[in-house]
Amino acid sequence: MKRVALCVAILTMAATGAAQQVVRVAAAADLQPVLPTIAAGYEHATGVHVVASYASSSTLATQILNGAPMDLFLSADFGFAQKVIDGGRAEDAAPVKYATGRLVLWARKDSPVLGGRALTLEILNSPALHRLAIANAEHAPYGRAAMASLTTMHLTDAVKAKLVVAENIAQAAQFADSGNADAALISLTLASSDQLRKDGSFVAMPEGSYPAIVQGAVVIRGAESAKSARVFLNYLLSPAVQRELQVMGLGRP
Amino acid sequence: MDTQAILLTLRLATVTTLALMVIAIPLAGWLAFSASRMKPVVAAIAALPLVLPPTVLGYYLLVALGPTTLFGRGLAEMLGHPLAFSFEGLVVGSVLYSLPFAVQPMVAGFRNINPALLETAQLLGAKPSTIFRDIVLPLSRASLLTSALLSFTHTVGEFGVVLMLGGNIPGVTRTLSIALYDQTQDFNYAAANRTALLLVGISLATLMALYTLWFGSLNKNTSRAGSKLQRGGVRG
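Chains as they are written, first to last, in this note's numbering: chain D, -6 to 246; chain F, 188 to 423.
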């Protein structure tokens, strides 16, 4: 009898939970330090709850194409957003630009590669660099940018044997922040987070050494809250929120 | 086909299995025969990887044994590199991850030996280490083989620890399960299919070997059950 009562209670909770307005966002890992703040502001203003799932853009695209219950896809590039469109899962005919990303080199203050000096791009050539973490160039737009940047700077041969490949940009940051890698090529958004600001420092990779990271969004076709997703996307594009995004490391779309 | 990933996976599973046999035999012997009150505690700790998510192991290996801790620094000094992103790191992770799969069949096997045999040997003056080596181990061959096969196949199937600790380095930490993950991410379903099929094949072959062995020894036990020697009866 007790068990039945418990089941009823859980079902009731689940039912009332579903009644609350929710936008489910599949967000690229570079948004992990950004979206919670934006979502909190949005929730405060509208009462709509934003539930974000973070992974590499490719992981998210694969999940959405295989029917993941998402309302909005915030990719870290255009290509994976386009994949979702090509797979017939998007409302939009083209990805909506919502930001541009910046690539930075990050290292802990006590990283052995620094030897007590300030961080510069020189460390990429240093024999003291043993492990450089990057995101997977195949699945993560920032990983692709990292490889492109290293190629432009003629550093591919120097660092090839030193690369450790993380599933997404957040894991690459984690590899370096835990001290297991000497440095990492990550997004400016992650480098601007409180934790990484406290633990280390960063220098921007030269602009033009990698193709611009134009981040695209699509509203998922047939999603439960597609309308709310569109409203949230427009909120992201509003000037006030765009200014907030810039403080947190994203450029204008 | 990713030959490098196949060879790496088989090498990791083999090294892990060998290491586990060395570690698990004394541990299982102690768990089977000791009268210590600490036994439930040790047994519980040894069984933890069965129920914990692999991410817990991955987390501790990456952070607690990383270069930001004293112990991690000592370890890195000894190895010449941090534990993470290395084959050694994966072996340590796999040994912990597959420990219960090695220990539990051994404990069951050791406890299944007719106690009369062990008492007789003791009365005849054999040392505990001699009894263990000359009676317990030979009579537990089937259990030891079960342990080895389970450890091997469980390590082949490892994913979470490798994903957290590996760094996806071809030939060093890019195992078959990681390769499959990458192929799925890359929308390369043809390659993913091949890798998945290969993993199913390896696992099925190992498990079939295991069950052939298991049903074989079960039949033997049943036919022996009536003999006078088997006074302890058939357990398990």
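Glycine residues also receive a C-beta, built at the ideal position from the N, C-alpha and C atoms.
Please read all numbers here as calculations on a predicted model, not as lab measurements.
By the rule that beta-carbons nearer than 8 Å mark a contact, residue 189 (chain F) does not touch chain D.
For residue 129 (chain D), the chain F residues whose Cβ falls inside 8 Å of its Cβ are 355, 369 and 372, in order along the chain.
Residue 250 (chain F) has a beta carbon lying within less than 8 Å of a beta carbon in chain D. Not a single C-beta of chain D is nearer than 8 Å to the C-beta of residue 340 (chain F). Residues are counted here when their Cβ sits less than 7 Å from a Cβ of chain D; for the segment 320 to 354 of chain F these are 350 and 354, given in chain order. Residue state for residue 219 (chain F) is assigned as helix, using DSSP reduced to three classes. Looking at the backbone, the Cα of residue 377 (chain F) and that of residue 77 (chain D) are separated by about 20 Å. Annotated as distal: residue 282 (chain F) and residue 363 (chain F), with beta-carbon spacing of 8 Å or more. Within the segment 33 to 84 of chain D, the alpha helix (DSSP H) runs of at least 4 residues that lie entirely inside it are, in chain order, 50 to 58 and 72 to 79. The C-beta distance from residue 98 (chain D) to residue 195 (chain D) rounds to 6 Å, short enough to meet the 8 Å contact threshold.
When F:388, F:387, F:260 and F:346 are compared, the shortest CA-CA separation from residue 369 (chain F) is found for F:346. Taken atom to atom, the span from the alpha-carbon of residue 186 (chain D) to that of residue 254 (chain F) is near 22 Å. Per the C-alpha coordinates, the member of F:289, F:323 and F:280 positioned closest to residue 304 (chain F) is F:323.
Residue 343 (chain F) is a Cβ neighbour of residue 390 (chain F), given a cutoff of 8 Å.
Assignment of residue 183 (chain D) by DSSP, reduced to helix, strand and coil, places it in the helix class. DSSP places residue 307 (chain F) within a helical segment (H, G or I) once states are collapsed to three. By the beta-carbon neighbour count (other beta carbons within 10 angstroms, threshold 16), residue 164 (chain D) is buried. Distance from residue 158 (chain D) to residue 354 (chain F) at the Cβ level is roughly 6 Å; contact confirmed, criterion being Cβ atoms closer than 8 Å.
At a cut-off of 8 Å between beta-carbon atoms, residue 233 (chain F) makes no contact with chain D. For the segment 249 to 277 of chain F, the set of residues with a beta-carbon nearer than 7 Å to any beta-carbon of chain D comprises 249, 250, 253, 254, 255, 268, 269, 271 and 272, in chain order. For residue 52 (chain D), the C-beta contacts it makes with chain F under 8 Å involve 372, in order along the chain. Residue 112 (chain D) sits away from residue 139 (chain D), with the two beta carbons spaced by 8 Å or more.
Membership of residue 235 (chain D) in any beta strand (DSSP E) is not indicated; the residue belongs instead to the alpha helix (DSSP H) covering 232 to 240.
Excluding five sequence positions before and after residue 294 (chain F), the CB atoms of its chain that fall closer than 7 Å to its own CB belong to 215, 218 and 219, given in chain order. Around the beta carbon of residue 94 (chain D), 16 or more other beta carbons lie within 10 angstroms, which makes this residue buried. By the CB criterion at 8 Å, residue 243 (chain D) and residue 92 (chain D) fall inside the cutoff. Closest by C-alpha distance to residue 286 (chain F), out of F:321, F:256, F:244 and F:315, is F:244. DSSP places residue 274 (chain F) inside the alpha helix (DSSP H), whose first and last residues are 274 to 298.
Segment contact: the segment 225 to 236 of chain F against the segment 130 to 144 of chain D, fewer than three CB-CB distances shorter than 8 Å; contact not assigned.
In chain F, no part has a C-beta under 9 Å from the C-beta of residue 195 (chain D); the shortest such distance is about 19 Å. The C-alpha of residue 256 (chain F) lies about 14 Å from the C-alpha of residue 265 (chain F). Shortest Cα-Cα distance from residue 326 (chain F) to any of F:352, F:296 and F:315 involves F:296. Counting C-beta atoms within 10 angstroms of its own C-beta, residue 213 (chain F) has fewer than 16 neighbours from the protein chains shown and is therefore classed as exposed. Measuring C-alpha to C-alpha distances from residue 162 (chain D) to each of D:127, D:147 and D:145 identifies D:127 as the nearest. Contacts between residue 173 (chain D) and chain F, judged by CB atoms closer than 7 Å, involve 249, 253, 254, 269, 271 and 272 in chain order.
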